[in-house]
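In order, the protein sequence lines correspond to chains Y and C.
Going left to right, the first sequence walks through residues 1 to 441 as full-length UniProt numbering numbers them.
Going left to right, the second sequence walks through residues 1 to 441 as full-length UniProt numbering numbers them.
All C-beta atoms, glycine included, are put in the ideal place defined by N, C-alpha and C.
If you're wondering where the values come from, they're calculated on a predicted model, not measured in any experiment.
Since the structure comes first, as structure tokens, the remarks are kept for the end.
Protein chains: 2
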Amino acid sequence: MKPIQVGLLGFGTVGSGVAKVLARNAEEIGRRAGRAIEVKRVAVRNIDKARAAAPLAVTEGLAFGNDMQAVVDDPDINIVCELIGGTTLAKDLVLRAIANGKHVVTANKALLAIHGNEIFAAAQQAGVMVMFEAAVAGGIPIIKALREGLTANRIEWLAGIINGTSNFILTEMRDKGAAFADVLAEAQKLGYAEADPTFDIEGHDAAHKLTILAAIAFGIPMQFDKAYLEGISKLTREDIAYAEELGYRIKLLGIAKRRANGIELRVHPTLIPAKRIIANVDGVMNAVVVQGDAVGQTLYSGRGAGSEPTASAVVADLVDVTRLLTADPEHRVPHLAFQPDRLADLPILPIAEVETCYYLRLQAHDQPGVMADVTRILADAGISIDAMMQKEPAEGEKIVDIVILTHVAIERSVDAAIARIEALETIAGRITKLRLENLDR
Amino acid sequence: MKPIQVGLLGFGTVGSGVAKVLARNAEEIGRRAGRAIEVKRVAVRNIDKARAAAPLAVTEGLAFGNDMQAVVDDPDINIVCELIGGTTLAKDLVLRAIANGKHVVTANKALLAIHGNEIFAAAQQAGVMVMFEAAVAGGIPIIKALREGLTANRIEWLAGIINGTSNFILTEMRDKGAAFADVLAEAQKLGYAEADPTFDIEGHDAAHKLTILAAIAFGIPMQFDKAYLEGISKLTREDIAYAEELGYRIKLLGIAKRRANGIELRVHPTLIPAKRIIANVDGVMNAVVVQGDAVGQTLYSGRGAGSEPTASAVVADLVDVTRLLTADPEHRVPHLAFQPDRLADLPILPIAEVETCYYLRLQAHDQPGVMADVTRILADAGISIDAMMQKEPAEGEKIVDIVILTHVAIERSVDAAIARIEALETIAGRITKLRLENLDR
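Here is the structure:
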């Protein structure tokens, strides 16, 4: 089957990420989509700059050009990917793509929050899809969760940390007791904040995203102009510290809430109880909590910006459209996500072959030389120690608890070492072995 | 258009929840699905018991019977909902429904983990869908996230708290320093653990769910028999306390990890750093972390069991199938989740009409009567105080910070009260007003 042909408008952070992910995961994506997805053309303002945005292996196969309209008009292109941002040229191009019968994937939250009603009406008329998972919370599939995953529910409210720049600044202010201006300067140095940060820190970006979330949660038109916006630039260290003392964290939340007589739609710094999971979503991470009448609260968190996290959402939309253009509706999503004739033949490893970290608890007679014996056995087995803790024996007891945390090791080596340690005369009884995962990458 | 006709097999906790949610949210669900969804028949073993499982308003319209096969064979039924559990009768009924060309929605993790390969092959052949969002992590749309939301990624690993009973027991053991047996007895009293809790506490249930997650994450057949299982019954208070001392929490995790030579598939108690979000998912809550090569880590949390949370997932699957049977593929999911001609005309409320809690910081001259004045003004405005904190003035200063947290109030009342307080002679400068959300329901 002929690959699905994609036209990319823009090749900046997100566009180049899309090309990279499509290239690197082509095999995996094809197995899921049932068809290859190919970038046929890329339209950019500056071709040299675009070519430099991704490795040669990614860019050398791509047809770069300057003519955006030509991409939108190309009869061979199935899906137009709008990644240039802004609300004027982007709007014209998206509407023209729709008029040409092309499906559109966009990451442009401002465009949708402001012109979404017009764009969706045009798409509905033309029988094409406008997909926008990447427009809110980057790689977190929150649009899909709301549009498809929570359809049983009457949504009561949702609240989200949907601007990474602000969340980074608030996290640093709290952790370091620093002032807003100092942290902002640091964020600018790190590339987490723009030279003109207004858009992020005054809540505009969050309000664009909140407008979209509220529309699909409550089934209302986009009404960005009615959203209430208040940013974080006036927050003081004192307020953050006092909130902390009272058991709260301050986050810039986008909140949409159903009330008897209408909808609350507001972005502002908000105190939330420190024990809530969302209060602990720190740094540039995003998270959205949704309260549904049947499901209760569900929470979605992950990276809300960045090249590949955003590309992850764009490419998921490309796969969604590809599946729809490829298979009969009932075969659209394969039962196991991958096409049934393209499942992998990977063996499940026996537990002895598992590699992880370990927690070992030993009970040892409180006498010299025990530690030396134990550490020697572990070293001989190639198991390195991350931490070790010896508890004082209880009054009158002669047996002490020793706890050892190991670095990553292979389970059969650990089991062999445990057998040797248990055989020591200074060790009493069996060793407790638990596995430990850092979950850090 | 004729409503989609659903046949329910089973009317226990989940089945009655499905009927309740479909009845209560019929209007909302119809606006999303583009068509009404109707329970045509319910087959149960004990009709009287089933009728008692939901309010009269829900059950009186339903056709109850004992003949499960008759439901599966009913030519008017579009979707069969298998909610009886078990792996023998359920398997026969599901395969027969598929052979009859009916779509199937099931919450049965054991059935899919053990017989999924056969069931999916039959469904593929027959051109019907078998949907199973409710089989893993209750109302959290994790199946949809993996099958559709993260399709751009090569999944590297996933790790989940996917058994609420075990998580409740571990949370209580940690919070109360209690022994396993005591907490288990308490969980049984509360209805969080079965009389025979083996299935939950020894990891079988988690392994069924993990088998399903791994299959759709890596595109491999279901291989439940190769999963490694280790439960929580041997965990001691000491291990939980030592882990805590070293900065870790112990959770029963289901872990599926891609390695160069195969897949790790294992359920066991696991130490994880206390600062990770998933380490703070407590009680009966579930959560799954997925590591993808493009998106990085995303986390999904919510209620993993219970009547309506599970029904939320079942009904979402019903909506998915209904959308597919109703509209042209490109109109399957409406842009704003609801059908474009059925958007709601709800006004966005002005900020003055918002109701929330407030944090107020006042700077006051340190003299008698200030607090009395302030609290009187708030009381007059009908604003009740949740907490109040007065900071000592700094050395040589005469101005003190007073922080007040209010209960829920309407913003315009709060603004009016603030104006009155600011007019007091004892108050210096402007009052800082921040909003506070408890996010508790």
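Same chain, Cβ closer than 7 Å to residue i, five either side skipped, listed in chain order
i: residue 449 of chain Y; result: Only positions 1 to 441 of chain Y appear in the structure, and residue 449 of chain Y is not among them; the question remains open.
i: C/M371; result: none
8 Å Cβ cutoff, residue i in contact with chain Y
i: C/H331; result: yes
i: C/S384; result: no
i: C/L62; result: no
i: C/K398; result: no
i: C/V58; result: no
i: C/Q5; result: no
i: residue 453 of chain C; result: Residue 453 of chain C lies beyond the stretch modelled for chain C, which goes from 1 to 441, so this question has no answer here.
i: C/P309; result: yes
i: C/L315; result: The sequence shown places Val at residue 315 of chain C, rather than the Leu named in the question. Chain Y, which has a Cβ nearer than 8 Å to the Cβ of C/V315, makes this yes.
i: C/F11; result: no
i: C/K49; result: no
Pairwise C-alpha distance: residue j and residue i
i: C/A121; j: C/P141; result: 23 Å
i: Y/A186; j: Y/I431; result: The identity of residue 186 of chain Y in the sequence shown is Glu, whereas the question assumes Ala. One C-alpha to the other measures close to 48 Å.
i: C/R412; j: Y/M285; result: 33 Å
i: Y/S312; j: C/A419; result: 49 Å
i: Y/P403; j: Y/T375; result: First, the amino acid is wrong: residue 403 of chain Y is Val here, not Pro. Cα to Cα, the separation comes out at about 12 Å.
i: C/V319; j: C/I37; result: 8 Å
i: Y/L324; j: C/A99; result: 24 Å
i: Y/G15; j: C/K251; result: 39 Å
i: C/K433; j: C/V408; result: 14 Å
i: Y/N167; j: C/Q5; result: 47 Å
i: C/Q291; j: C/R154; result: 9 Å
i: C/K49; j: C/R24; result: 21 Å
i: C/K189; j: C/D200; result: 16 Å
i: C/E422; j: C/R174; result: 47 Å
i: C/D317; j: C/R249; result: 34 Å
i: Y/F180; j: Y/T198; result: 13 Å
i: residue 442 of chain C; j: C/S384; result: There is simply no residue 442 of chain C to check, as chain C begins at 1 and stops at 441 in what is shown.
i: Y/M388; j: Y/A379; result: 14 Å
i: Y/V105; j: C/V130; result: 28 Å
Closer than 8 Å to chain C by CB, residue i
i: Y/T406; result: no
i: Y/T106; result: no
i: Y/M371; result: no
i: Y/G432; result: The displayed chain sequence assigns Thr, not Gly, to residue 432 of chain Y. Chain C, which has a Cβ nearer than 8 Å to the Cβ of Y/T432, makes this yes.
i: Y/N100; result: no
i: Y/Q223; result: yes
i: Y/G231; result: no
i: Y/I140; result: yes
i: Y/T151; result: yes
i: Y/G254; result: no
i: Y/I29; result: yes
Proximity test, residue i beta-carbon vs the ligand SAH heavy atom, cut-off 7 Å
i: Y/E437; result: You won't find the ligand SAH in this model; it holds no ligand whatsoever.
Beta-carbon contacts of residue i that lie in its chain and below 8 Å, excluding the five residues immediately before and after
i: C/E437; result: T356 and C357
i: Y/L93; result: L9, M68, Q69, V72, V80, E82 and I84
i: Y/T426; result: A364, H365, Q367, G369, V370 and D373
i: Y/E392; result: V400
Cβ-based neighbour list, residue i, same chain, cut-off 6 Å, excluding 5 preceding and 5 following
i: Y/A428; result: Q363 and I399
i: Y/D76; result: Q5
i: C/A215; result: M222
i: Y/E147; result: For the sequence presented, residue 147 of chain Y should be read as Arg rather than Glu. Cβ neighbours of Y/R147 beyond the five flanking positions: I216.
i: C/W157; result: K257 and Q291
i: C/A33; result: V319, T322 and R323
Legend entry - chain Y contacts from the segment 164–178 of chain C (Cβ-Cβ distance under 9 Å): none
Inset, instruction - Determine which residues of the segment 258–282 of chain C have a Cβ less than 9 Å from any Cβ of chain Y, and write them out in chain order. - result: R258, R259, N261, G262, I263, E264, L265, R266, H268, P269, T270, L271, I272, P273, K275, R276, I277, I278, A279, N280 and V281
Legend entry - beta strand (DSSP E) runs contained entirely in the segment 145–228 of chain C, provided each spans 3 or more residues: 155–161
Inset, instruction - Please list the residues of the segment 31–45 of chain Y that have a C-beta atom closer than 9 Å to any C-beta atom in chain C, keeping them in chain order. - result: R31, R32 and A33
Inset, instruction - Mind listing, in chain order, the continuous beta strand (DSSP E) runs of no fewer than 3 residues lying wholly within the segment 24–111 of chain C? - result: Annotation note: the segment 24–111 of chain C contains the following uninterrupted beta strand (DSSP E) runs of length 3 or greater, listed N- to C-terminal: 37–43, 79–82 and 103–106.
Legend entry - chain Y contacts made by the segment 327–353 of chain C, where a contact means CB separation under 9 Å: D328, P329, E330, H331, R332, V333, P334, H335, L336, A337, F338, Q339, P340, R342, L343, A344, D345, L346, P347, I348, L349, P350, I351 and E353
Inset, instruction - Identify every run of the alpha helix (DSSP H) within the UniProt domain "ACT" (359–441) of chain C, keeping only runs that are complete inside it and at least 4 residues long; order them along the chain. - result: Secondary structure within the UniProt domain "ACT" (359–441) of chain C: the alpha helix (DSSP H) runs of 4 or more consecutive residues, fully enclosed, are 370–380 and 411–422 (chain order).
Inset, instruction - Counting only runs of 3+ residues fully inside the segment 242–270 of chain C, write out the beta strand (DSSP E) ranges in chain order. - result: 248–259
Inset, instruction - Any chance you could list the beta strand (DSSP E) runs of at least 3 consecutive residues sitting entirely within the segment 283–331 of chain Y, in chain order? - result: Here the runs fully enclosed are 285–292 and 296–303.
Inset, instruction - Would you list, in chain order, the members of the segment 121–135 of chain C that have their beta-carbon closer than 8 Å to a beta-carbon of chain Y? - result: A121, A123, Q124, G127, V128, M129, V130 and E133
Inset, instruction - Anything in the segment 13–25 of chain C with a Cβ closer than 9 Å to a Cβ of chain Y? List those residues in chain order, please. - result: G17, V18, K20, V21, L22, R24 and N25
Legend entry - Within 7 Å of chain C by C-beta, residues of the segment 200–213 of chain Y in sequence order: none
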